[in-house]
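The listed protein sequences correspond, in order, to chains A and B.
Counting from 19, one number per residue, gives the positions in the first sequence under our numbering.
Counting from 2, one number per residue, gives the positions in the second sequence under our numbering.
Just so you know, even glycine gets a beta-carbon here, dropped at the ideal spot from N, CA and C.
Each remark here refers to the structure printed beneath this line.
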Amino acid sequence: MGELLYLYACVPSKEMTTLPDLTGFDGEGKLHTIQAGAITAVICSLNAEDYNEDVLKDKVENDMQWLQEKAFHHHETVLALSKLYTVIPLKFSTIYKSEDSLKQTLTENGSKMNDIFDLLTGNEEWNLKIYCDDQMLKEQISKSNPVIEQKRQEISQLSKGKQFFELKKLDKLVETELEEEKNRVSERVHEALKKLVLKGNVKRTWSSEVTGADKKMTWNSVYLISKEDVERFLEEVQSYDQEMKETGWQLEASGPWPAYHFSSFQT
Amino acid sequence: MSLRDDLENKEIALIDILDVILDKGVAIKADLIISIAGIDLVYLDLRLLVASVESLVQAQAEGKTVTSAQFDMQKEALIDATGQSEKRND
């Protein structure tokens, strides 16, 4: 039976050195490379019988433990490569049936990949998450917002029955103000940080149930940063974090990531 | 130690890893690409897996069995929860 080629990442051929000893997707084989001109693919071989389309589909849909384990493997492998080379990280389970087929794809996309390498060389991807304590922020808004303060005054003059409904309305207003304030503050931080980076993108946020964190995620963004500016960027994040801590905010940077968010190109 | 070194060794959440490798990794022409439905759902399943193993162990310890109704309730709660994140510009 033949073999399949699992592609982890593409690396500029001129940067390639001897590949470190890394274990492949099946937990047995080793990683190796295939070169097509300026692009070198980092791959591992898989037994075509054990890893055909039906098997993989079944695993991905029905065996979450397997998926979790292989997802970690894929990530850790690409991360290890990104410490050594400029890498274009591929999507999980990008597989070729022959060396020719892989080489053809590399050749077809060679010039676009070279452009991406130019963009990524010497730079790192970092992630920023901003969390906030909704309750704390709500209290601040209730106190400091003149519109809300005035409304509160007006309501206190009403009869008890009317007060109940008016207070409910006021709660809604505070909720809306809260969301707006969260976005305003996060955006201000994001815009300020963007001055230190090459590129910055806003992502969607995870809900608390997904993160397992008590605080609400209000912002999730990624940045492509020149290596020499990373420390300054992180210092800036830290100083925002310390400055805003007392008002219920928390900033968390993570990285360096393989440049997942800045490597895509049109095929 | 620099801030960078500090952060480099920090543990990363599974959801962030799934997000990048399943959703953000570069997609190029391949002979075999296993597409995966929304990562929220994948993550949900993983959380359920962990949760169900935990409650099973707990139930066994207490001499109880987990009813499928309880399981469905957990699942619904999680679906509601993950359906809420809407901000998406990337």
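Please confirm if residue i has its CB atom under 8 Å from at least one CB of chain A.
| i | result |
| --- | --- |
| Asn10/B | no |
| Leu19/B | yes |
Using the Cβ count rule (16 or more neighbours within 10 Å means buried), how would you classify residue i?
| i | result |
| --- | --- |
| Ala210/A | exposed |
| Ser174/A | exposed |
| Asp91/B | Confidence is the limiting factor: at Asp91/B the pLDDT is only 42, short of 50, which leaves the residue's position unreliable, though a coordinate-based value still follows. Asp91/B comes out exposed. |
| Gly20/A | exposed |
| Thr112/A | buried |
| Asp7/B | exposed |
| Trp84/A | exposed |
| Gln171/A | exposed |
| Glu143/A | buried |
Comparing the C-beta of residue i with each C-beta of chain B, is any distance below 8 Å?
| i | result |
| --- | --- |
| Thr104/A | no |
| Ile197/A | Just to set this straight, residue 197/A is Glu in the shown sequence, not Ile. Glu197/A does not count as touching chain B. |
| Ala271/A | yes |
| Leu214/A | no |
| Val60/A | no |
| Thr139/A | no |
| Thr112/A | yes |
| Thr41/A | no |
| Tyr278/A | yes |
| Asn163/A | no |
| Lys109/A | yes |
| Gln260/A | no |
| Trp224/A | yes |
| Ser16/A | With chain A represented from 19 up to 285, any question about residue 16/A goes unanswered, as that position is not in the structure. |
| Trp275/A | yes |
Tell me which residue opens and which closes the alpha helix (DSSP H) that residue i is part of.
| i | result |
| --- | --- |
| Lys130/A | Glu117 to Leu138 |
| Pro107/A | Pro107/A -> not in any alpha helix (DSSP H); beta strand (DSSP E) instead, spanning Ile106 to Tyr114. |
| His208/A | Lys178 to Lys212 |
| Ala89/A | Met82 to Leu102 |
| Ile166/A | Pro164 to Ser174 |
| Val255/A | Val248 to Met262 |
| Glu12/B | First-last for Glu12/B: undefined, no H or E at that position. |
Out of the options, state which residue places its alpha-carbon closest to the alpha-carbon of residue i.
| i | options | result |
| --- | --- | --- |
| Val192/A | Glu87/A, Met154/A, Ile166/A and Leu252/A | Ile166/A |
| Gln153/A | Asp247/A, Asn80/A, Glu195/A and Tyr258/A | Glu195/A |
| Tyr103/A | Val220/A, Glu199/A and Asn141/A | Asn141/A |
| Asp151/A | Gly20/A, Phe280/A, Ser31/A and Met235/A | Met235/A |
| Glu117/A | Lys130/A, Trp237/A, Gln53/A and Leu108/A | Gln53/A |
| Val207/A | Glu197/A, Ser239/A and Arg222/A | Ser239/A |
| Ile18/B | Leu97/A, Phe135/A and Leu64/A | Leu97/A |
| Ala14/B | Ser226/A, Leu252/A and Phe280/A | Ser226/A |
| Ser63/A | Lys221/A, Gly47/A and Glu71/A | Gly47/A |
| Glu253/A | Ala59/A, Ala271/A, Ile148/A and Arg202/A | Ala271/A |
| Glu199/A | Thr123/A, Trp237/A and Glu126/A | Trp237/A |
When DSSP builds the beta bridges, which residues end up paired with residue i?
| i | result |
| --- | --- |
| Ile272/A | Correcting the residue identity first, residue 272/A is Ser in this sequence and not Ile. Asn145/A. |
| Pro38/A | According to DSSP, which records beta bridges pairwise, Pro38/A is partnered with nothing at all. |
| Val27/B | Leu108/A |
Output the boundary residues of the beta strand (DSSP E) element that contains residue i.
| i | result |
| --- | --- |
| Val240/A | Lys234 to Ser244 |
| Val21/B | It is not in any beta strand (DSSP E) - Val21/B carries neither H nor E in the DSSP assignment. |
| Gln53/A | His50 to Ala54 |
Just checking: is the beta-carbon of residue i within a distance shorter than 8 Å of some beta-carbon in chain E?
| i | result |
| --- | --- |
| Phe135/A | Absence of chain E from the displayed structure is noted, the protein chains being A and B. |
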